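Here the structure comes first, spelled out in structure tokens, and everything after it is commentary.
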Amino acid sequence: MLLTVSGPPGSGKSTTAAALAEAFGLEHISGGDIFRELAAERDMTPVEFNELAEEDDQIDRDLDRRLYEIAQERDDVLLESRLAGWLAADQADIRIWLDAPLNIRAERIADREDKPVDVAREETDRREASEAKRYREYYNIDIDDRSIYDIVYNTARWSPEGVLGMLTTAVDSYDPDSDEGKAPVDGVVYDF
Numbered sequence: 030m031l032l033t034v035s036g037p038p039g040s041g042k043s044t045t046a047a048a049l050a051e052a053f054g055l056e057h058i059s060g061g062d063i064f065r066e067l068a069a070e071r072d073m074t075p076v077e078f079n080e081l082a083e084e085d086d087q088i089d090r091d092l093d094r095r096l097y098e099i100a101q102e103r104d105d106v107l108l109e110s111r112l113a114g115w116l117a118a119d120q121a122d123i124r125i126w127l128d129a130p131l132n133i134r135a136e137r138i139a140d141r142e143d144k145p146v147d148v149a150r151e152e153t154d155r156r157e158a159s160e161a162k163r164y165r166e167y168y169n170i171d172i173d174d175r176s177i178y179d180i181v182y183n184t185a186r187w188s189p190e191g192v193l194g195m196l197t198t199a200v201d202s203y204d205p206d207s208d209e210g211k212a213p214v215d216g217v218v219y220d221f
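Residues 30 to 221 in our numbering are what the sequence shown lists, from first letter to last.
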């Protein structure tokens, strides 16, 4: 089984992905963890590293190629990243998008990173704009297009346990033999 969990910063995707991977005995691979490690190696914040990636497209392309190859070659994996659903494409059994209003996400990020909410909101805005620009330019992906996702949740409406409960129910009840319509991933240019 290959599951993907995607969403913007602060949406709860990392927390949910880790718990979902554990619930189904899947290996959890986080693009965000890899990206933050790369940023820390250069002594940069994720926002600064995102902006550097606007100038050096190889940063994104290397990470994205790695996630794409994992999706194409492996099974029993939960792939977590902003682009996981797009990169896994038709290989994914279930593609999940998690989201929450910006003010809620900024509060979560501020809590997690011990910074003022207004700073977290401004950094998140910059980061999302930077990523959206790059995804469109590199791969022709409109990150705001949710049509490829099988499940979309506003995580501000339920507790982390509630979101996990709904997702485990959905994954448990998925039967590939009765699947009548996986949304195709069209128009993407995988130019790594």
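Heads up, the beta-carbon is just placed ideally off N, CA and C, and yes, glycines get one too. Here the structure is a predicted model, which is why all the values come from computation and not from measurement.
Output needed for Ala121: all residues of its chain with C-beta closer than 6 Å, excluding positions within five of it in sequence on either side, in chain order. Leu31 and Thr33
Residue range of the beta strand (DSSP E) that Leu108 falls in? Val106 to Glu109
Going residue by residue through the stretch 91-162, where are the continuous beta strand (DSSP E) segments of at least 3 residues, counting only ones entirely within it? 106-109 and 123-128
Classification of Ser188 by the beta-carbon crowding that lies within 10 angstroms, buried from 16 upward: exposed
Leaving out five residues before and five after Ala68 in sequence, what residues of the same chain have Cβ atoms less than 8 Å from its Cβ? Thr74, Pro75, Glu77 and Phe78
Verify whether the separation of the beta carbon atoms of Trp126 and Gly36 is less than 7 Å. yes
Throw me the rounded Cβ distance for the Ile123 and Val214 pair, which I believe falls under 8 Å. The Cβ separation is near 14 Å, so there is no contact.
Supposed close pair Ile172, Arg95 - CB separation, criterion 8 Å: Not quite, the Cβ-Cβ distance comes to about 19 Å (not below 8 Å), so this is no contact.
Under 6 Å: does the beta carbon of Met195 sit that close to some heavy atom of the ligand ZN? Of the ligands one can find in the structure shown there are none, so the ligand ZN has no counterpart to examine.
Candidates Glu209, Glu109, Leu116 and Asp89: closest to Gln101 by CA position: Leu116
Alpha carbon to alpha carbon, what distance is there between Glu160 and Glu152? 12 Å
Reduced DSSP category for Leu32 - H, G, I as helix; E, B as strand; rest coil: strand
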